[in-house]
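Chemist:
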DNA sequence: CTTACGGCCTGGGTGC
DNA sequence: TGCACCCAGGCCGTAA
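Residue numbers (the numbering used here): -17 to 271.
1) Per DSSP, residue 171 forms a beta bridge with which residues?
2) With H, G and I counted as helix, E and B as strand and the rest as coil, what does DSSP make of residue 313?
3) What residue range does the alpha helix (DSSP H) around residue 22 cover?
4) Here's the rule: buried if 16 or more other CB atoms are within 10 angstroms of the residue's CB, otherwise exposed. What is residue -7?
5) Let's see if you can read the secondary structure: which residues bound the beta strand (DSSP E) around residue 101?
6) Specify the secondary structure class of residue 126 as computed by DSSP and reduced to three states.
7) Quick check: the Cα distance between residue 64 and residue 180, rounded to an integer number of angstroms?
8) Can you give me the C-alpha to C-alpha distance between residue 125 and residue 23, rounded to a whole angstrom?
9) Can you give me the start and stop residues for the beta strand (DSSP E) that residue 41 sits inside?
10) Going by DSSP, which residues form a beta bridge with residue 247?
11) Roughly how far, in whole angstroms, is the beta-carbon of residue 215 from the beta-carbon of residue 199, given that I think they are within contact range, below 8 Å?
12) For the candidate residues 61, 58, 42, whose alpha-carbon lies nearest to that of residue 52?
13) Which term fits residue 96, buried or exposed, when burial requires 16 or more other beta carbons within 10 angstroms of its beta carbon?
14) Here's a check: name, in chain order, each residue in its chain whose Cβ is nearer than 6 Å to the Cβ of residue 59, leaving out the five neighbours to either side.
15) Should residue 9 be labelled buried (16 or more other beta-carbon atoms within 10 Å of its own) or exposed?
16) I'd like the span of the beta strand (DSSP E) that includes residue 9, first residue to last.
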């Protein structure tokens, strides 16, 4: 599942080979995950890739044409999206849906089993695009901004970390891993966290994301980088998908519960549950008094 | 405005 | 062998 570290790894791989190359031809298989396929088909051929960069979990291709007009192509990998550069004669993996021919004789392919990914051509560049709605980059923000963004919020901390309008880049894996490192229960209300706890969380997020990038991401389902290689951070997960296994700190079995509509893994000993509001007293109970 | 939640998209894995 | 069902992340509509 591509989150910030996986997208960063893919982008680093693409940065090494794509800038300066021209897209000579584009071919599709299925197109239902593309915002406006005709737009993409019409506008991409002939464009030169000026830059490739990551914006949260989005990949941005900055494009220029002969008249130096700036446009962009936005790709979100969803859950199972892959962007791989390959020789055109290489065997085609199942579920490959976009083929970008490049002027150096190579091919860039988009493969996506579930097609939860999204592709969009931005004729006016990134202004006013979905990118404008996103919050602070989880990796580029500082501790002060991070704390201010979360302080006083009434939502559960996990929901806020996952909300791309608050913080961009975090997904289910890195949220759970960061909360475990910071010893914060996923269902805690953000407003109940002291500034020092938010500071600890900030440091945990940075540590987890940086280590995951160093190991080229987590290959839990079918994630691979732009050269088709798997990451290794899944071997370092402390809680994610470890229900029933022992906590690395205290040996307590890891639990799983749904928080913010997502499977959430945590250590019930290291990450204390928030005080639950007292249950409404049943009517029968008052009769007994 | 903020928050919570359910449903939808798709197809691989699982369990019977 | 087949098949029903669960689940993943983002997004959207609805309700409080």
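Even for Gly, the Cβ is constructed at its ideal location relative to N, Cα and C.
Modeler: Once the coordinates are examined:
1) 138
2) Since the first residue shown for the chain is -17 and the last is 271, residue 313 is missing from the structure and cannot be characterised.
3) Where residue 22 is concerned, the enclosing alpha helix (DSSP H) stretches over 19 to 25.
4) The residue is buried, with at least 16 neighbouring Cβ atoms inside 10 Å.
5) 100 to 104 is the extent of the beta strand (DSSP E) around residue 101.
6) It is helical.
7) Approximately 34 Å between the Cα atoms of the pair.
8) 43 Å
9) 40 to 46
10) 238
11) 6 Å
12) 42
13) exposed
14) -16, 99
15) Its Cβ having fewer than 16 others within 10 Å, residue 9 is exposed.
16) Its beta strand (DSSP E) spans residues 5 to 10.
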